[in-house]
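One structure below.
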Ligand SMILES: Cc1cc2nc3c(=O)[nH]c(=O)nc-3n(C[C@H](O)[C@H](O)[C@H](O)COP(=O)(O)O)c2cc1C
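Now the structure itself:
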């Protein structure tokens, strides 16, 4: 990390926002990185993102093709949601279990993956990796393997019965399913992947795409080798989230009620 002294106004925001206190003042009060930073910096980019004068450069942040030349996109005021808009958006996302017979363009799915990368992750590790089916045939095969797992283990007889009648209660006939995996020996792979999936699901909703967590598939994938083999899951990786995906067949008109939240206020 370094500061352009021509642009820096010595406002202190980068010092204050660095999660590891890696930025200190030089003799003139300009930000300077501590020596320890080489090992400790998690390249979260907060120092760059908070600087009001574009004075900070952080070469440690990844340069990626997908973001294009605008590596640190400016925040556009006109795109900011009002609190009411954000509340309705978050409250109105639903798990979608009826899908149109229509594929999602790969470009759209890639766009959603790109947004999912901005979910929080322990130490900015960003360990979530995705595997996604391109075709309804591949998606259906994963549902079939899940039912096979259920039959072998004598669980969820209702799901098996439905499958035999041609009703898919595993992936609900979704055209795609996306699985999130990460190295099992990471810091917080379950939380990191769940958050990436949550971001993806919300972004999908914003783009008119329905999603639903595929818990049955996740459970089966845990212990059923044929599923891991079909997915081509790397050795030492665990599956921490899976989402059915497709265009929703129905439009929701209301927000269902939820339990009151239990909170203990302290102090
Ligand atoms: C970890 C997890 C696993 C889930 N597994 C399934 C599943 O296998 N099948 C399904 O239809 N819904 C599944 N769901 C969706 C929940 O049923 C759904 O989120 C809940 O009923 C609330 O509905 P809403 O998401 O529309 O608010 C799962 C959700 C989570 C968080």
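In the working numbering, the protein residues as written are 240 to 506.
The beta carbon of each residue, even a glycine, is placed where N, CA and C say it ideally should be.
- Not a single heavy atom of ligand 1 lies less than 6 Å from the C-beta of residue 355.
- Taking the Cβ of residue 454 as the reference point, at least one heavy atom of ligand 1 falls within a distance shorter than 6 Å.
- In terms of side-chain proximity, the C-beta atom of residue 333 is found nearer than 6 Å to a non-hydrogen atom of ligand 1.
- The continuous alpha helix (DSSP H) containing residue 464 extends over residues 464 to 470.
- Three or more beta-carbon pairs separated by less than 8 Å link the segment 358 to 376 to the segment 469 to 476, which places the two stretches in contact.
- Taking 6 Å as the cut-off, one finds at least one heavy atom of ligand 1 near enough to the beta carbon of residue 451.
- Between residue 451 and residue 336 the beta-carbon gap is near 6 Å, inside 8 Å, which marks them as a contact.
- A contact between stretches requires three or more CB pairs, one per stretch, nearer than 8 Å, and the segment 384 to 399 meets this requirement with the segment 445 to 460.
- Rounded to the nearest whole angstrom, the C-alpha separation of residue 289 and residue 274 is 22 Å.
- Judged by their CB atoms, residue 484 and residue 415 are nearer to each other than the 7 Å cut-off.
- Per DSSP, the unbroken alpha helix (DSSP H) holding residue 350 starts and ends at 345 to 355.
- Following the DSSP letters along the chain, one finds residue 435 inside the alpha helix (DSSP H) bounded by residues 428 to 445.
- When the Cα atoms are used, residue 241 and residue 296 turn out to be separated by approximately 5 Å.
- In this structure, DSSP gives residue 285 a helical state, which the three-state scheme calls helix.
- In this structure, the straight-line span from the alpha carbon of residue 500 to that of residue 494 is close to 16 Å.
- If you check the CB distance, residue 460 and residue 478 come in under 7 Å.
- Residues of the same chain with a CB within less than 8 Å of the CB of residue 491, apart from the 5 flanking positions on each side, are 331, 333 in chain order.
- The Cβ-Cβ distance between residue 435 and residue 355 falls below 7 Å.
- Residue 345 and residue 422 have their C-alpha atoms roughly 25 Å apart.
- In this structure, 366 is the residue among 260, 366, 488 with its C-alpha nearest to the C-alpha of residue 425.
- As DSSP reads the structure, residue 241 sits in a beta bridge with 296.
- In the three-state scheme derived from DSSP, where H, G and I count as helix and E and B as strand, residue 290 is classed as coil.
- Residue 399 carries a helical assignment under DSSP once its states are collapsed to helix, strand and coil.
- Residue 300 and residue 339 have their C-alpha atoms spaced approximately 40 Å apart.
- Look at residue 333 here: in three-state DSSP terms it is coil, with no helix or strand label.
- Beta bridge pairing from DSSP links residue 262 with 272.
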